[in-house]
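In the UniProt record's numbering, the protein residues as written are 1 to 559.
For each residue, glycine too, the CB sits at the ideal point set by N, CA and C.
Shown next, in structure tokens, is the structure this report addresses.
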């Protein structure tokens with residue numbers, strides 16, 4: 001009835017086999033309404049094409065979702081984690097509910113459906129959380145034999161996680177495994193012992209992996225948001241059972257919610273740094289609502305990112321050294337920033353490339369993929385040893401001066417960036433400086449300048465643009481940037497560098513392929529102990545302070 005298990009490594013296979021024995025659990029207690037959903041458009045695409053979230057590298061064959069054959073590991077993980085139930089729930093029509101039931105039944109009954117790495121501890125945890133969250137949809141109209149098989153499998157997977165949750169990677173994967181264990185145990189009568197232990201283990205993981213201000217080691221904003229979702233869901237499930245959530249878990253939810261509020265752009269999306277994406281529309285709001293924390297104003301910064309915001313313009317800047325530790329996907333993005341105006345991203349990072357293969361993943365983490373300064377077509381010589389910042393505020397603007405020493409070892413140069421956002425949100429003034437700060441660094445710079453010959457020490461300051469931005473050079477040497485909302489911005493520089501529009505790319509894991517985009521590039525050479533480039537990015541005079549943005553981004557769901 002349960003099909004054929006894949007042949008994992010021997011210890012994992014043993015855990016799966018042993019977990020078949022023990023209490024099967026009694027009555028089911030599943031959520032009647034999901035506390036979060038995904039993208040309705042993605043759900044419709046799945047129903048119509050049998051294609052999961054990542055369309056790249058998939059082959060479609062008729063029948064069931066388990067006839068898909070993903071080429072990459074992450075796509076296979078997404079499939080077996082059942083996160084696509086979120087998208088079907090967002091679609092919410094009869095076709096979606098039927099697919100949710102049938103594809104879950106197929107996973108239980110079809111030979112080979114549960115292969116492909118589906119018994120990894122983190123993936124199993126994600127699957128249990130999806131099953132318990134969307135159980136009403138899965139079991140709607142289901143016959144008795146399917147309901148019994150579903151309950152047996154839920155108990156089997158819960159016992160399995162109780163044995164092997166520590167095998168999950170000590171990053172988000174550990175939280176996935178424990179959240180799934182907790183929800184699986186609390187969904188079944190007779191598994192109270194597993195639920196109590198899971199709550200204690202989850203509390204200990206919060207103490208070990210969540211910083212005092214809600215930060216995580218990877219400095220990945222999207223990962224932080226998803227961990228907050230897991231912890232908030234666990235806290236809510238414990239409270240719904242009439243129990244008191246552990247103290248450290250409650251503290252982690254509170255401080256992470258505060259950090260998430262600080263890291264949101266004006267459009268509700270997250271900054272795309274260190275392997276994280278923006279999150280789909282409304283995701284951050286769902287997670288904050290799930291956390292149950294009171295609304296509060298965003299702070300000046302969180303998790304190593306600085307925030308400037310006035311009116312409906314937000315700027316988020318990478319103001320710390322690259323992350324290290326479990327789960328880190330460090331990008332060479334020191335001093336890079338993103339800018340969003342209302343619902344429209346303007347200046348962005350290229351984004352996370354891991355959904356598109358190793359070559360894109362490597363390219364995405366390099367300095368040229370971020371809106372910052374690149375020296376001699378190279379990344380910083382190593383992770384900056386020191387990143388210093390200082391806030392500058394006046395009645396007219398909020399600003400930050402920030403510097404990193406990643407180029408000191410090889411070039412003797414420190415990159416210093418100033419950003420000042422006017423309080424009316426209409427103008428951003430910036431300056432990028434390459435300077436020899438310490439006397440002992442002059443010899444390094446002199447040697448590099450001599451070795452560079454007539455070309456000098458070349459630099460480029462990049463400003464990657466969102467694909468929806470229409471960019472065109474003006475006759476006066478500026479570049480005009482039109483947003484889909486109708487806002488018109490202009491980029492100007494002081495003439496110390498060469499200004500150009502060049503091709504770029506935009507990577508989004510929710511799209512099947514990289515998207516073409518543009519970037520503004522300031523290029524020049526550093527031939528003095530201090531080289532300075534000043535620039536402005538400002539709304540055009542004819543653009544009003546407030547604009548009615550009525551343009552729809554997606555096709556209607558009920559088309």
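Point to revise | Spatially closest choice to residue 490 from 505, 518 and 535, by CA coordinates | key: For this step, residue 490 is matched to residue 490 along the chain shown. Nearest option by C-alpha distance: 535.
**Study point:** N- and C-terminal bounds of the alpha helix (DSSP H) containing residue 238
**Key:** As a position in the chain shown, residue 238 is number 238, starting the count at 1. 221-240 is the extent of the alpha helix (DSSP H) around residue 238.
Check your understanding: Any beta-carbon of chain D closer than 8 angstroms to the one on residue 154?
Key -> The displayed structure is made up of one protein chain only, and chain D is not part of it.
**Study point:** Under the three-state DSSP convention, the category residue 374 falls into
**Key:** Position 374 of the chain shown, counted from the start, is the residue given in the question as residue 374. Strand.
Practice item. Give the straight-line distance between the Cα atoms of residue 93 and residue 161, rounded to the nearest whole angstrom. Key: For this step, residue 93 is matched to residue 93 along the chain shown. For this step, residue 161 is matched to residue 161 along the chain shown. Looking at the two C-alpha atoms, the distance is approximately 33 angstroms.
Review point. What residues in its chain sit with their C-beta under 7 angstroms from that of residue 83, if we drop five residues either side in the sequence?
Key: Working through the chain shown from its first residue, we reach residue 83 at position 83. Cβ within range, chain order: 126 and 130.
**Study point:** Strand pairing of residue 414, partner residues [DSSP]
**Key:** As a working note, residue 414 is residue 414 in the chain shown. The bridge partners DSSP lists for residue 414 are 435.
Exercise for review: Using beta-carbon positions only, say whether residue 464 and residue 349 come within less than 8 angstroms of one another.
Suggested key: Counted from its first residue, the chain shown places residue 464 at position 464. Counted from its first residue, the chain shown places residue 349 at position 349. By the CB criterion at 8 angstroms, residue 464 and residue 349 fall inside the cutoff.
Check your understanding: What are the start and end residues of the alpha helix (DSSP H) that includes residue 123?
Key -> Within the chain shown, numbered from 1, the residue matching residue 123 stands at position 123. DSSP places residue 123 inside the alpha helix (DSSP H), whose first and last residues are 121-133.
Review point. From residue 474 to residue 492, what distance separates their C-alpha atoms?
Key: Locating residue 474 in the chain shown gives position 474, counting from the first residue. Locating residue 492 in the chain shown gives position 492, counting from the first residue. Approximately 10 angstroms between the Cα atoms of the pair.
Check your understanding: According to the Cβ coordinates, are residue 404 and residue 387 closer than 8 angstroms?
Key -> Locating residue 404 in the chain shown gives position 404, counting from the first residue. Locating residue 387 in the chain shown gives position 387, counting from the first residue. Yes, these two residues count as a Cβ contact at 8 angstroms.
Check your understanding: Counting pairs of beta carbons, one from the region 227-241 and one from the region 297-311, are three or more of them closer than 8 angstroms?
Key -> The region 227-241 makes no contact with the region 297-311, as fewer than three CB pairs between them are under 8 angstroms.
Check your understanding: Rounded to the nearest angstrom, how far is the Cβ of residue 461 from that of residue 373, given a contact under 8 angstroms?
Key -> Stepping through the chain shown from its first residue, residue 461 is reached at position 461. Stepping through the chain shown from its first residue, residue 373 is reached at position 373. Going by Cβ atoms, the distance from residue 461 to residue 373 rounds to 5 angstroms, so yes, they are a contact pair.
**Study point:** Bridge-paired residues (DSSP) for residue 318
**Key:** As a position in the chain shown, residue 318 is number 318, starting the count at 1. Note: residue 318 sits in a beta bridge opposite 305.
Review point. Roughly how many angstroms lie between the CA atoms of residue 324 and residue 430, to the nearest whole one?
Key: Position 324 of the chain shown, counted from the first residue, corresponds to residue 324. Position 430 of the chain shown, counted from the first residue, corresponds to residue 430. Our two residues, residue 324 and residue 430, have alpha carbons roughly 29 angstroms apart in a direct line.
Point to revise | Nearest-angstrom Cα separation, counted from residue 441 out to residue 448 | key: In the chain shown, residue 448 corresponds to position 448, counting from 1. In the chain shown, residue 441 corresponds to position 441, counting from 1. Residue 448 and residue 441: Cα-Cα distance of roughly 11 angstroms.
Review point. On the three-pair Cβ rule with 8 angstroms, is the region 250-258 touching the region 187-197?
Key: Taking 8 angstroms as the limit for Cβ pairs, the verdict is that the region 187-197 does not touch the region 250-258.
Point to revise | Residue ranges of each alpha helix (DSSP H) within the region 176-218, 4 or longer | key: Taking only runs of at least 4 residues, the alpha helix (DSSP H) segments lying wholly in the region 176-218 are 192-209.
Exercise for review: Compute the Euclidean distance between the alpha carbons of residue 95 and residue 398, then round it to the nearest angstrom.
Suggested key: Residue numbering aside, residue 95 sits at position 95 when the chain shown is read from its first letter. Residue numbering aside, residue 398 sits at position 398 when the chain shown is read from its first letter. A straight-line Cα-Cα distance of about 51 angstroms links residue 95 and residue 398.
Point to revise | Close Cβ partners of residue 543 (< 7 angstroms) along its chain, the five nearest in sequence each way excluded | key: As a position in the chain shown, residue 543 is number 543, starting the count at 1. So the list reads 487 and 488, once near-sequence residues are dropped.
Check your understanding: According to the Cβ coordinates, are residue 227 and residue 335 closer than 8 angstroms?
Key -> Position 227 of the chain shown, counted from the start, is the residue given in the question as residue 227. Position 335 of the chain shown, counted from the start, is the residue given in the question as residue 335. It is not a contact, given that the beta carbons lie outside the stated cut-off.
Practice item. Give every residue of the same chain whose Cβ lies closer than 6 angstroms to the Cβ of residue 306, excluding the five residues on either side of it in the sequence, and list them in chain order. Key: What you label residue 306 is simply residue 306 of the chain shown in a count that begins at 1. Once the five neighbours on either side are set aside, the close Cβ partners of residue 306 are 317, 319 and 400.
Review point. Do the region 153-168 and the region 218-237 meet, that is, are 3 or more Cβ pairs less than 8 angstroms apart?
Key: Fewer than three pairs of CB atoms, one per stretch, sit closer than 8 angstroms, so the region 153-168 makes no contact with the region 218-237.
**Study point:** Expected contact under 8 angstroms - CB spacing of residue 132 and residue 31 to nearest Å
**Key:** To locate residue 132, count along the chain shown from 1; it is residue 132. To locate residue 31, count along the chain shown from 1; it is residue 31. Their Cβ separation, rounded to whole angstroms, is 6 angstroms, which keeps residue 132 and residue 31 in contact under 8 angstroms.
Review point. What does DSSP give as the partner residues of residue 138 in its beta bridges?
Key: Counting from 1 along the chain shown, the entry for residue 138 is found at position 138. Listed as beta-bridge partners of residue 138 by DSSP are no residues whatsoever.
**Study point:** Reference residue 364; option with closest CA among 371, 352 and 356
**Key:** Within the chain shown, residue 364 is the residue found at index 364, counting from 1. Cα-wise, what sits closest to residue 364 is 352.
Review point. Quick one: Cα of residue 137 to Cα of residue 88, how far?
Key: The sequence position of residue 137 within the chain shown is 137, counting from 1. The sequence position of residue 88 within the chain shown is 88, counting from 1. For residue 137 and residue 88, the distance between alpha carbons rounds to 9 angstroms.
Practice item. Could you check what DSSP says for residue 524 in three-state terms: helix, strand or coil? Key: Numbered from its first residue, the chain shown carries residue 524 at position 524. DSSP, reduced to helix, strand and coil, places residue 524 within a strand of the structure shown.
Check your understanding: To which residues of the same chain is residue 529 closer than 6 angstroms at the C-beta, ignoring the five residues directly before and after it?
Key -> By 1-based counting over the chain shown, the position of residue 529 is 529. Cβ neighbours of residue 529 beyond the five flanking positions: 436.
Review point. From this set, 164, 163, 141 and 135, which residue's C-alpha is nearest residue 151's C-alpha?
Key: Translated into positions along the chain shown, residue 151 becomes position 151. Of the candidates 164, 163, 141 and 135, the one whose C-alpha sits nearest the C-alpha of residue 151 is 135.
Exercise for review: Evaluate residue 541 with the Cβ neighbour count: other Cβ atoms within 10 Å of its Cβ, from every protein chain shown; 16 or more gives buried, anything less gives exposed.
Suggested key: Position 541 of the chain shown, counted from the start, is the residue given in the question as residue 541. Residue 541 is exposed by the Cβ-count criterion.
Review point. DSSP puts residue 391 in a beta bridge; with which residues?
Key: Counting from one through the chain shown, the residue named residue 391 turns up at place 391. For residue 391, DSSP records a beta bridge to 400.
Review point. Residue 443 to residue 538, Cα distance in whole Å?
Key: Taking the chain shown and counting its residues from 1, one reaches residue 443 at position 443. Taking the chain shown and counting its residues from 1, one reaches residue 538 at position 538. Whole-angstrom Cα-Cα distance: 39 angstroms.
Practice item. Helix, strand or coil for residue 265, going by three-state DSSP, please let me know. Key: If you number the chain shown from 1, residue 265 lands on position 265. Coil, per DSSP.
**Study point:** Proximity below 8 angstroms, CB of residue 122 to CB of residue 177
**Key:** Along the chain shown, one-based indexing puts residue 122 at 122. Along the chain shown, one-based indexing puts residue 177 at 177. Yes. Within cutoff.
Check your understanding: How do the region 492-503 and the region 516-531 stand: do at least 3 beta-carbon pairs fall below 8 angstroms, yes or no?
Key -> The region 492-503, when compared against the region 516-531, does touch it at the 8 angstroms Cβ threshold.
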